[in-house]
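Data block below; observations after.
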Amino acid sequence: MQKYKIALTGAGGVGKGTLVEAFRKLHPEFISISSPMHPVASIISPQAKNYEDYDIDAKNVLQYSCLCAEMNAERVAAENGFSFIAERSVIDFLSYYKQVFSKERTKEYRANIYRFLETNPYDFLAYVPITFSPTSEDLKENAWKERDADSRLKTDACIREELLSMQSRFPSVRVVTVIGGTPEARAANLADMLGRF
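Structure below.
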């Protein structure tokens with residue numbers, strides 16, 4: 023059976039985690055890789071409630087730590103012969119990083135990501151566009167989500183820009199856009215797109 027490496031990419035609060043759960047109901051043979059942001063943040067700075075609580079140096083440590091955790095989880099899953107679906111792609115981490123740090127620092131961060139993708143490319147990157155806003159209850163449960171529409175649009179634009187750049191460097195990675203209403207409809211749409219290749 024063919025093994026697939028899939029990652030979702032999109033701004034905070036677009037339903038990536040829910041989509042992973044719905045996809046795995048259709049394809050339980052996939053393992054899921056959750057975003058490392060919360061567990062890594064709780065180790066680095068347990069008192070922080072959200073990303074804005076970090077100063078610039080702490081943000082740099084957090085970003086690099088989360089990126090390394092994500093890359094290692096994906097690498098280990100693939101090396102052990104598992105198909106996986108990751109809640110976040112390494113492109114997401116780059117998109118957040120470039121909004122905070124200088125072009126020079128971002129260049130180094132991007133180089134690390136591209137080095138990783140040279141030996142660990144995705145089969146599919148599933149872009150999840152902004153189609154709704156998270157509810158106040160959802161934001162209360164997850165303080166790490168972008169809390170305003172402008173931030174989410176900025177992240178979405180950064181992700182789309184990075185996807186174009188990545189596609190020119192790694193043309194074998196298939197980028198698909200996940201549409202549909204409910205999480206179940208989105209998961210079925212994603213599974214259908216995978217089946218076409």
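FYI, the numbering for the sequence shown is 23 to 219, going by this note's numbering.
Built from N, CA and C at the ideal position, the CB exists for glycine as well.
- Beta-bridge partners of Lys-27 (DSSP): Phe-106.
- The Cβ atoms of Tyr-144 and Ile-28 sit closer than 8 Å to each other.
- If you keep only unbroken beta strand (DSSP E) runs of at least 3 residues inside the stretch 64–152, you get 106–108, 146–149.
- Following the DSSP letters along the chain, one finds Val-197 inside the beta strand (DSSP E) bounded by residues 196–199.
- Bounds of the alpha helix (DSSP H) holding Ser-190 are 171–191.
- A residue is called buried once 16 or more other Cβ atoms fall within 10 Å of its Cβ, and Arg-218, having fewer, is exposed.
- By the criterion of a C-beta distance shorter than 8 Å, Phe-104 is surrounded in its chain by Lys-25, Phe-52, Ile-53, once the five residues flanking it on both sides are discounted.
- Contact between the stretch 167–187 and the stretch 119–126 is established, with three or more Cβ pairs separated by less than 8 Å.
- Out of Gln-85, Phe-146, Thr-141, the CA that lies nearest to the CA of Ala-108 is found in Phe-146.
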